[in-house]
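Single-structure report; data block below.
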Amino acid sequence: MSLATADFTFLCDLVARHSGNIIAARHAGMLEQRLVGVAGSVGARDLPSLVKRLRDSGDLALSDQVAEAVTVNETRFFRDEHLFEALRSYIIPELIRKNAKRKEIRIWSAACSSGQEPYSVAMVLREYFPQLSDWRINIVATDLSLQMLQRVQAGTYSQLEVSRGVSPKNLVRFFDRSGAGWQIKQELRDMIEVQRVNLTRPWPYMGQFDIALVRNVLIYFDRQTKNDILKRVRGALRPEGYLFIGAAETLIGLSVPYQRREIDATIIYRPTNC
Ligand SMILES: C[S@@+](CC[C@H](N)C(=O)[O-])C[C@H]1O[C@@H](n2cnc3c(N)ncnc32)[C@H](O)[C@@H]1O
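Throughout the sequence shown, residue numbering follows my numbering, covering 1 to 274 in sequence.
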C-alpha cells in the first residue's frame, strides 16, 4: 500500500527529528519498503496503522526504530583506497613521530555502519606498523544503528562482503572461516570499541582523537546539521588531528573550523584554531 502524502511527510519529519536524516520524495519507495519490517515487528497491520500508532502514542523507542530502519548502511572494506594509502604512507608515520612519548593513537569511526571502515583501519595498522605492538591503539566505532553495532562487535562478514575490498593476503591473515562466511580475528576485534552515538544529539565525552572518520554520512544531513556536527567533531579532535569525510562529500559552503589539505589523491582536513 502506498503512503498518503500526509503520512509520508509525518515520517520524514520524525526521521529528521530523530536522526537528522533528510529523506527525499524520490525515496518514498525505500521508506515504505524498510518500514514494512518495522510494522510487522510491532504487530501493526500495515504502514498507515504504524503511522497512526506513532502519531497517537509518541512512542520514542518506536520512533528510534523507524529512524534506524531507514538509515543507509552501504559500506565496504577499504572504501576509497587512497585514504588508506594516505594513512599508511603519511598520517600514521607522522602520528608515530608526534605521539612517541604517550605511545597512543586514537581513531574515531563516527558512522561505522557494519564495521568495514574501522576494521580496514585496524588492518592497515597491524599490517604495516609492527612497531605499534606496544602502543595503545584505540579505534572507537560508533553509529546510530544498534543493529549495525552488533555486526561490528560480531565481526562476521559474508563471502560477498569480504570480496568487496579484502585482498587474499589480508583474508588469510586477519579472518577465520565462520560457517559460509568469515570472522575478523580476535586480535583485530580487540582493537575496536563499540559505542552508540547519534551524531545529531549531544554525545558522551570520548576523549580526544588523532583521526576522525566522518565519511559518507554528512550527505544525509541538512547544512545546519552538518555545520553543528563538524564543529563538535572539531572539539573531539586533538589540535593536530585529522578529519576525513567521504570522497564524494565536501565542506565547501559550510562554516566549519577546518583547513583543507591534499595528500596525493586524498583530501584531508586539519582543525583550525578557534
Ligand atoms: C553509508 S553508511 C557509511 C559507512 C562508512 N562510514 C563508510 O563510509 O563506508 C552511513 C552510516 O551512518 C549512520 N548514521 C546515519 N545517521 C546517523 C546519525 N544521526 N548518527 C550516527 N550515525 C548515523 C547509518 O546508520 C549508517 O550506518
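By construction, the Cβ of each residue, glycine as well, lies at the ideal position given by its N, Cα and C atoms.
Along the chain, where does the beta strand (DSSP E) containing residue i start, and where does it finish?
{"i": "TYR269", "result": "266-271"}
{"i": "VAL140", "result": "136-143"}
Locate the alpha helix (DSSP H) running through residue i, then write down its first and last residues.
{"i": "GLN147", "result": "146-154"}
{"i": "LYS98", "result": "92-98"}
{"i": "PHE84", "result": "81-86"}
{"i": "VAL275", "result": "Summary: the structure shown does not reach residue 275, with the chain confined to residues 1 through 274, and so no result is reported for it."}
Tell me, to the nearest whole angstrom, how far the beta carbon of residue i is from that of residue j; I am working on the premise that it is less than 8 Å.
{"i": "ASP56", "j": "HIS18", "result": "Their Cβ separation, rounded to whole angstroms, is 17 Å, which puts ASP56 and HIS18 out of contact at 8 Å."}
{"i": "ASP222", "j": "ILE22", "result": "6 Å"}
{"i": "GLU193", "j": "VAL140", "result": "5 Å"}
{"i": "ARG151", "j": "GLY115", "result": "6 Å"}
{"i": "LEU47", "j": "LEU3", "result": "6 Å"}
{"i": "VAL214", "j": "ALA110", "result": "5 Å"}
{"i": "ARG79", "j": "GLU117", "result": "7 Å"}
{"i": "LYS231", "j": "PRO257", "result": "7 Å"}
{"i": "VAL66", "j": "LEU54", "result": "7 Å"}
{"i": "LEU31", "j": "LEU60", "result": "No, LEU31 and LEU60 are not in contact; Cβ-Cβ is about 19 Å, not under 8 Å."}
Can you tell me whether DSSP reads residue i as helix, strand or coil?
{"i": "GLY235", "result": "helix"}
{"i": "GLN224", "result": "helix"}
{"i": "ASP33", "result": "Looking at the sequence shown, residue 33 is not Asp but Gln. Reduced to three states, the DSSP call for GLN33 is helix."}
{"i": "ASP64", "result": "helix"}
{"i": "ILE23", "result": "coil"}
{"i": "ILE263", "result": "strand"}
{"i": "TYR258", "result": "strand"}
{"i": "SER163", "result": "helix"}
{"i": "LEU188", "result": "helix"}
{"i": "CYS12", "result": "helix"}
{"i": "ARG55", "result": "helix"}
{"i": "SER2", "result": "coil"}
{"i": "ILE252", "result": "coil"}
{"i": "ALA28", "result": "helix"}
{"i": "ALA247", "result": "coil"}
{"i": "ALA44", "result": "coil"}
{"i": "PRO168", "result": "helix"}
{"i": "SER133", "result": "coil"}
{"i": "ARG102", "result": "coil"}
{"i": "VAL72", "result": "coil"}
In its own chain, which residues sit with a C-beta less than 7 Å from the C-beta of residue i, not counting the 5 before and 5 after it?
{"i": "ILE184", "result": "TYR119, GLY155, PHE174 and PHE175"}
{"i": "SER113", "result": "ASN73, THR75, ASP143 and MET148"}
{"i": "ALA236", "result": "TRP108, MET206, GLN208, PHE209 and ALA212"}
{"i": "GLN153", "result": "VAL194"}
{"i": "ALA265", "result": "HIS82"}
Using the DSSP secondary-structure output, state which residues sit across from residue i in a beta bridge.
{"i": "ILE211", "result": "ILE107 and TYR242"}
{"i": "VAL194", "result": "ALA141"}
{"i": "GLN183", "result": "THR156 and ASP176"}
Ordered along the chain, which non-local residues of its own chain (more than five positions away) have a Cβ less than 8 Å from that of residue i?
{"i": "ALA248", "result": "ASN216 and ILE219"}
{"i": "LEU146", "result": "GLU68 and ARG196"}
{"i": "GLN131", "result": "ILE96"}
{"i": "PHE91", "result": "Sequence check: residue 91 is Ile here, not Phe. These residues qualify, in order along the chain: ILE211, TYR242, ILE263 and ILE268."}
Leaving out the 5 sequence neighbours to the left and right, which residues in its chain are closer than 6 Å to residue i when beta-carbon positions are compared?
{"i": "SER158", "result": "GLY181"}
{"i": "LEU254", "result": "LYS226 and ASN227"}
{"i": "LEU50", "result": "ALA39 and ALA44"}
{"i": "MET123", "result": "ASN170 and PHE174"}
{"i": "ASN138", "result": "ARG106"}
Does the beta carbon of residue i sit closer than 8 Å to a beta carbon anywhere in chain C?
{"i": "GLY58", "result": "Given the protein chain composition of this structure (a single chain), no chain C is represented."}
So is the beta-carbon of residue i under 7 Å away from any non-hydrogen atom of ligand 3?
{"i": "ASN227", "result": "Although ligand 3 was asked about, the structure shown includes only ligand 1 as ligands."}
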